[in-house]
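Encoded as C-alpha cells, the structure appears first; notes follow it.
Residue numbers (my numbering), protein chains in the order written: chain A, 11 to 233; chain B, 180 to 426; chain C, -7 to 587; chain D, 11 to 277.
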C-alpha cells in the first residue's frame, strides 16, 4: 500500500501533467472518460464561484418576487402608487455604468495583451463606473425620500413595504459590487490585477444591472 | 476653635433629631387621622349577568355546582354596588400620599375566578399572586402602553408558590386576564394614598386621611367614574356616598 | 488545473500564529473540526433540553431540582410552566435542525473531507470558508442569548408559524425580544451556509485533481455536492423570509399578519397579511432541509459500508441519481406539510403524488444498500455497525412517510406524535447514526489515533436499541391521536397514554446518558488512543492517500495526486490486496461498478 | 457480532409491529359518516407499509447474518439481477403501491373536501382564540349577526363582537362554550379565528382543519352516534395550546332542541 502512495510521488512533480497525461502506464487509465482536456483548460474557480453566488442571489429575489405576488393576491388592501420619478434616471445611470465598466475591461485586456491603450485608460473608465455606482445608490435613497413625500412609509401598505425591501436588498448588493470595484482599483494600482478578477467583478456588476431592470419592471407593473 | 466644632456638631445632631421627629410625626398623626366612609348604590335594575360555561376545563367547572356568573356588575340585596374603588384624586399632601401600606394585597385565583375581582392597591404596595386551583393559570395584566407600568404574562402551574410583585405608577385601572381561561377577568386599581373598595352592601372606608378638603373619585368598571368634594376635620370621620345609574 | 490549486496555495501558506492556525484558520480541515465542535456543543444543549421536556411530559408538575436557576419565571418552585416547556421545545428543534443536523454531516465532514476526496489542497475561497463558520457560530450565540433576555426565547416552535411569530409580545411570553433574536439568528445562519455551499459547489466543480472525473467522486463527495446545491437554493429563500418576519415584528408591516386580529381584547394594527405565505416560504426551505440533513448521511454511510463490505455498491450511478432525484423532488413536495392548513384541496392532491413518488428513489437506495450486502465480505466494527443501523432506521422512518403523504390519512395524523416519530427516525436519528459512522470511520485520519472499538460497540448497541425504544412508541401515540406540542395531556382520550410517555422518558434519559460513552471515547482516544496506520480500513479513496494522519497542511504534502481509478476498487481478483487505491497507477481490468 | 445485529434488527422489527397488530393503541372509535373511508385507507396503508417495513428489516437482517465475518478466502458475488433488477423492482413495487394508495386516497379526500354540504345542513359558527373555542348558533331567525372585531371583549363575554343594540340579526344568536349537534344531521361548520392560527381536531369525527387568520374556512360532517367527544387544537397557538379544547355533545334531535332553548336563556 505504501508503494501505491510513493511511486506516483516522484513521477508527479508539478508542471509535467500534460506529458504524464498522454503517456505511459497511467495514460491509459487517466482519461478514463476523456474528460482530461477539459480539466486542463479550466477557468479559475472564482469564475465558477461567481455563477454559483449569482444563483443564490437570484433565488433570494425569486423568493421576494413570489412573496410579492402571493401577498398581493392574498388580500384586497394592495394600494398602487406612482413610482418615484428618480428611478428612471437611476436605471439609465446603472446601464451607463455597465457600459463604462465594459469599456474599462476591454482597455485593460488590450493593454495586458500589449496591444494599444494603457492600463491608465482602463483605470479612468473604472473610476467613472465607481462614481456611477455611487450615484445609483444615492439615487435609490432619493427614491425613498420621494416615496415618503407621497406618504408611503415602510408599514403604510404592502406595496410600499415590498418596494422598500426589494430596492434596499438590491442596493445592498450593488454596494457589495462597489466593494469589489474598490478591490479591483486597488489591485490595478498595485498592478497585481489578474484579468479574471476584473472579468468576475464585471460579471457581477452586469448581473446587478440586469437584476435591476427585472426588478424595475416588476415594480413598474405591480406598484 | 474647638468649642466651635462642638457646637456645630451639637447643632447638626439637633437638626437631625428634629427632622426625624417631624417625619415620624407625620406618620403618628396620619395614623390618628380620621377616615372617610360611605356607601355606593346602584339606581335601577342591575343588568343580567350571564353564567359562565367552564366546560372547557373540567377542573374549573367542578368547583361550581351552580355556574359562576360574570362580575361586571355585582350588587347586594340593599342595592349596594360592589367592586367600586374610591380614592382621593386631589388635595392629598405628598407626605400622606407617600405612605404605602405594609399589608400585601392578595390576588387569588380560585374556582377559575379572580378573588377579588377588583383590587385597589397603592403604588409600590406588595401584590401577592396566589393560585389555589388544581389547574395552571397565566396571569396577564395589560397596563396602558407608556403609562409607567410594564405588563407581564406569567403562568402559575398548580401547586407552584405565590409570587410577589408591585406596580410602579398610578393607573386606573389595569385589566387582568387569564388566557388559558378566557372568562377570567379582573382589574387592579393602582392609586397613591388611601383607597377603599366597596363590598356587596356598597360600603367602603378610606383610612389614614389627614384633615383637609379633597376630591374623592369612585371608579367602577362598567359605570365609569364619579367625583365629589369631601372635607375631613380633625378627629371626626367624614362620610361620602355615590350613586351610579344602571344603563 | 494547475491554475486553481496553485492560486489556492498562493492564497495562504501554512500559518504559524496560534490564532491563524486554530481560531481564524483558513484551513478547511481546521474549519471542519470547528464545525464538528460546534455541532457537539449544540447537540449536548439540545439533548439536555429534550431531557427536561421528556421529564415534564412524563410527570407534569414534577419538581426538577435547580430548574429555577435556569429560569426563575420559567420554573417557579422548580415546576416547569407551559410557556417554558414550549420555549425549550422550540430551542430543541431549532438547535438540532440548524446547528446539529445541518452543521455536523454537511459542514463538518464536508469541509474536512470534500477537498481531500477530490484531490485538492483546499477550498477555492478559504476566506469565505472561515467566514462561513464564524457567521454560523455568531448565529448560534444570538440564538442562545435569547435564553437570557426578556421573558426568554420564542415559544412558536421551530416552524415559527405566523401570525404567532409575527404579532409580538401580545401573543405570549418570548414572542417579544426572544422572537426577534430567533429570526435574526436564522437569517445570519443562512448567510453562513450560503458561503459554505458556494465553496462546496465550486470545490466539486473546479478543484478536482487530474483524472478525478465526476463519476470518480466517492459517494460521500457526491452527497455533499448535492446537499450544497440544495443548501444554496433553500437557505437563499429562508433568509428573505426571516427578514420579512422581523419587519412584521418590529416595523409593523403586514406580510404575514392578517386583518382584524384581536389579542387580549385589543385589535391588532396589522392588516391583510397572509399566513400561508409564511408557510409556503418556510416549507420551500423546510422540506429540502430534511434532505440537507439526511443526504450527507446517505453518502457517508455508503462510503463507510463499501469499505467494510470490501466491494463497491451494486451501482455507483444509481445511488448518485437517486440522491439527485431526492434533491429535485424535495422542492416539489413541501406542500404536504400544509394539507390541513386551508390550502386549496386540489393543491393538496397535487402535492400528494410527488410526495408518494419521492419514496421511489428512497426505496431504490435502500434496495441497493441491502442488495450490495449480498455476497459481500462484511466487516463488523463500530463504523459499519452504525452504518447498518442507519439503514434499519431509515427504513423504519421511511415507511411512515407512506401515511403522511396521503392527505386523507394526514387528517388523522397531522400534528400528532406520529409525525414527530417519523421525522425523528428518518432525519434526526438516522442522520446522527450517519454522523457516528463517519466519526468512527474517519477519526483515525483526523487525529492519527484509533477510537476505542469496544466502547464504540457498547455505544452502538445501547444507542440503537434506545433509539427504537424512544421513537417507535411515538408512532403508537400518534395513531391514538396524541397531539404534539402539548406540555400536558388534559384531554380525556389522552390521559391513558401517559404511561407510554413515561416509558419514552426513561428510554430517552438512558439513551442520552449513553452518549457520554461516545464523548469520553472521542476525547480520550483523541489524546491516548493507539496510533493509527495510514489506511486502517484498507480503503481506496484519496483521503487515505495522504502522506500522514492528520494530513499535512496542503493535504498531499506537495504531491500532485492523479486519479487512475473509480473510487471503490475493492474485491479485485489477483491484486496483492483485495483493493486498489484511486491514485494507484496499477493496471487492473475488473471494474465491478457497472456504468 | 454480525449475527447478533441481524437477530436484533429482526426482533426489533417484529416487536415494533406487535402493538399495531394487537391494536394496543387506537384512535377513538369513529362516529362520522365519512370516517370509515379514512380508517380503511389507514388500514390498507398499514398493511402495505407494514409489509415493506418487515420485508426490508428482515432482508437486511438475513444478509447481515449471512455475509458478516465470512472467511477471508470468500469471493465477492453480485446480487442476482444486479442493480437494474432492483431498480425495476423498486419502480414496480413502490410504483403500484403509490398508485393504489394515491387513487384510494383521492376517494376519501374528495369525500370530505370536494362535496358541497347538503342543502339542509345545519350552519354552526366556531371561533377559535387563545385558548378556547366558542360556538354560535344563528337562533330562530337563522341569520348570524355581523362580527365587529373591535367589540370583542372576553371580560364582558362579548366573544364574537356582536352589537345587539344595532344588529337585529345578532339579537337571537346563541353563543356557547361547548358544541352540541343533533345526531345524523349534517353540520356545516363555519370556521374563523379571532387571533392566531389554530386547528379544529375531533379524532372521533375524523376531521382536522386549520383556522387560517383572515380566512373563513368551512367544513361539513355528520355524526352517527350520540355521546360526548373532545375537540382539541392541533396548531401551536401559545402557552395555553395544550389546554385549548371544547366538548362536542352529539344528541338526539329532541335533546338538542331543549339544549338550545336552555342556552338561549343563558345569553
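Note that the Cβ used here is the ideal one computed from N, Cα and C, for glycine as well. Fair warning: this is a prediction, and the values are worked out from it, not measured in the lab.
Bridge partners - residue i, DSSP secondary structure assignment
i	result
residue 370 of chain B	B:301
residue 298 of chain C	BP columns for residue 298 of chain C are empty, so no partner.
residue 342 of chain B	B:308
residue 353 of chain B	B:367
residue 166 of chain A	Answer by DSSP bridge pairing: none, since residue 166 of chain A is not bridged.
Reference residue i; option with closest CA among the options
i	options	result
residue 160 of chain A	A:54, A:94, A:56 and A:67	A:94
residue 475 of chain C	D:227, D:210 and D:271	D:210
residue 8 of chain A	C:100, C:220, C:28 and C:108	The question about residue 8 of chain A has no answer here: the residues shown for chain A are numbered 11 through 233.
residue 146 of chain D	D:139, D:155, D:156 and D:135	D:135
residue 328 of chain C	C:260, C:334, C:340 and C:551	C:340
residue 286 of chain C	C:379, C:32 and C:152	C:379
residue 111 of chain C	C:206, C:152, C:154 and C:483	C:206
residue 95 of chain D	C:168, C:575, C:307 and C:426	C:307
residue 158 of chain C	C:70, C:480 and C:269	C:269
residue 119 of chain C	C:100, C:164, C:209 and C:17	C:17
residue 571 of chain C	C:303, C:168 and C:289	C:303
residue 282 of chain C	C:575, C:511, C:417 and C:494	C:417
Residue i versus residue j: straight-line alpha-carbon distance, rounded
i	j	result
residue 81 of chain A	residue 86 of chain C	27 Å
residue 243 of chain B	residue 151 of chain D	33 Å
residue 430 of chain C	residue 292 of chain C	6 Å
residue 341 of chain B	residue 287 of chain B	9 Å
residue 198 of chain D	residue 180 of chain D	19 Å
residue 486 of chain C	residue 473 of chain C	8 Å
residue 490 of chain C	residue 496 of chain C	10 Å
residue 210 of chain B	residue 425 of chain B	Residue placement at residue 210 of chain B is flagged as unreliable, the pLDDT there being 46, under the threshold of 50; the coordinate-derived value follows with that caveat. C-alpha separation (whole angstroms): 37 Å.
residue 411 of chain B	residue 417 of chain B	5 Å
residue 42 of chain A	residue 556 of chain C	Its pLDDT being 40, under 50, residue 42 of chain A is placed unreliably in this model, and the coordinates cannot settle the point.
residue 618 of chain C	residue 177 of chain C	Only positions -7 to 587 of chain C appear in this structure, which leaves residue 618 of chain C out of reach.
residue 87 of chain D	residue 349 of chain C	31 Å
residue 390 of chain C	residue 330 of chain C	19 Å
residue 396 of chain B	residue 172 of chain D	32 Å
residue 413 of chain C	residue 89 of chain C	15 Å
residue 242 of chain D	residue 253 of chain D	8 Å
residue 549 of chain C	residue 533 of chain C	17 Å
residue 320 of chain B	residue 465 of chain C	41 Å
residue 53 of chain D	residue 579 of chain C	57 Å
residue 19 of chain D	residue 234 of chain D	44 Å
residue 147 of chain A	residue 168 of chain A	23 Å
Continuous beta strand (DSSP E) assignments of at least 3 residues falling wholly in the segment 112 to 169 of chain C: Within the segment 112 to 169 of chain C, no complete beta strand (DSSP E) run reaches 3 residues.
Sufficient close CB pairs (3 or more, under 8 Å) joining the segment 423 to 438 of chain C to the segment 366 to 379 of chain C: The segment 423 to 438 of chain C and the segment 366 to 379 of chain C touch, with no fewer than 3 CB-CB distances between them shorter than 8 Å.
Segment contact flag, the segment 54 to 69 of chain A with the segment 138 to 155 of chain A, C-beta cutoff 8 Å, min 3 pairs: Segments in contact, no.
Cβ pair count under 8 Å reaching 3, the segment 77 to 97 of chain C against the segment 145 to 153 of chain C: By the Cβ rule, the segment 77 to 97 of chain C counts as touching the segment 145 to 153 of chain C, because three or more pairs are nearer than 8 Å.
Three-pair Cβ contact test at 8 Å for the segment 161 to 179 of chain D versus the segment 125 to 132 of chain C: No contact exists between the segment 161 to 179 of chain D and the segment 125 to 132 of chain C.
Given 8 Å, three or more beta-carbon pairs between the segment 156 to 169 of chain D and the segment 188 to 195 of chain C: As far as the Cβ criterion goes, the segment 156 to 169 of chain D does not touch the segment 188 to 195 of chain C, which means the pair count is below three.
Complete runs of the alpha helix (DSSP H) confined to the segment 411 to 441 of chain C [at least 4 residues]: Counting only runs of 4+ residues, the alpha helix (DSSP H) found wholly inside the segment 411 to 441 of chain C occupies 422 to 439, in chain order.
Contained beta strand (DSSP E) runs [length at least 3] in the segment 97 to 155 of chain D, N- to C-terminal order: As for any beta strand (DSSP E) of minimum length 3 sitting wholly inside the segment 97 to 155 of chain D, the runs are 132 to 139 and 142 to 147, ordered along the chain.
At least three beta-carbon pairs within less than 8 Å, the segment 361 to 371 of chain C to the segment 71 to 86 of chain D: At 8 Å Cβ cutoff, the stretches touch.
Given 8 Å, three or more beta-carbon pairs between the segment 533 to 545 of chain C and the segment 275 to 290 of chain C: Touching, no.
Stretch-stretch touch, CB-based, cutoff 8 Å, three pairs: the segment 180 to 191 of chain D with the segment 119 to 126 of chain D: The segment 180 to 191 of chain D and the segment 119 to 126 of chain D do not touch, with fewer than 3 CB-CB distances between them shorter than 8 Å.
Cβ contact (3+ pairs, closer than 8 Å) linking the segment 94 to 114 of chain D and the segment 215 to 223 of chain D: Here the segment 94 to 114 of chain D makes no contact with the segment 215 to 223 of chain D; the two share fewer than three CB pairs at distances below 8 Å.
Contact the segment 359 to 371 of chain B vs the segment 384 to 391 of chain B: 3+ CB pairs below 8 Å: Cβ pair count under 8 Å is below three, so no.
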